[in-house]
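Asks: In the working numbering, each residue's number is its place in the sequence shown (first place is 1) plus 776.
The beta carbon of each residue, even a glycine, is placed where N, CA and C say it ideally should be.
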Amino acid sequence: MIQVNKVLPNICKQGSCLSKGVYEFTDYKDGETITLAYSCNKHVDSVNKLLKKIYKGNEGKTETNN
Ligand SMILES: [Zn+2]
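Below, the structure is given as structure tokens:
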């Protein structure tokens, strides 16, 4: 059987930047590493802040999507 996997485009997450991502942001959840986003050299800081803002609100909240 042929498997189709969704591939996240590895482009910078910052607004309308769309540069090629050179940094990868990952999180460790439920025993596996998940990729959150990528950022280019210039925006590694702002994307980091953006992700913290997005994901910090969900800390301590358990969500299952099975
Ligand atoms: Zn960028």
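Using a strict less-than 7 Å threshold between each residue's beta carbon and the heavy atoms of ligand 1, what residues do you get?
Replies: Any residue whose Cβ sits closer than 7 Å to a heavy atom of ligand 1 makes the list: CYS788, GLN790, CYS793, SER795, SER815, CYS816, LYS818, HIS819.
Asks: Could you tell me the alpha carbon to alpha carbon distance between ALA813 and ILE830, rounded to whole angstroms?
Replies: Roughly 12 Å between the two C-alpha positions.
Asks: Flag this pair as yes or no: are the beta carbons of THR811 and GLU800 separated by less than 8 Å?
Replies: Taking 8 Å as the Cβ cut-off, THR811 and GLU800 qualify as a contacting pair.
Asks: May I ask you to report which of helix, strand or coil DSSP gives ASP806?
Replies: Coil.
Asks: Suppose you measure from the CA of LEU794 to the CA of MET777; what does that come to, to the nearest Å?
Replies: Roughly 34 Å between the two C-alpha positions.
Asks: Quick check on LEU812: does DSSP put it in helix, strand or coil?
Replies: It is a strand residue.
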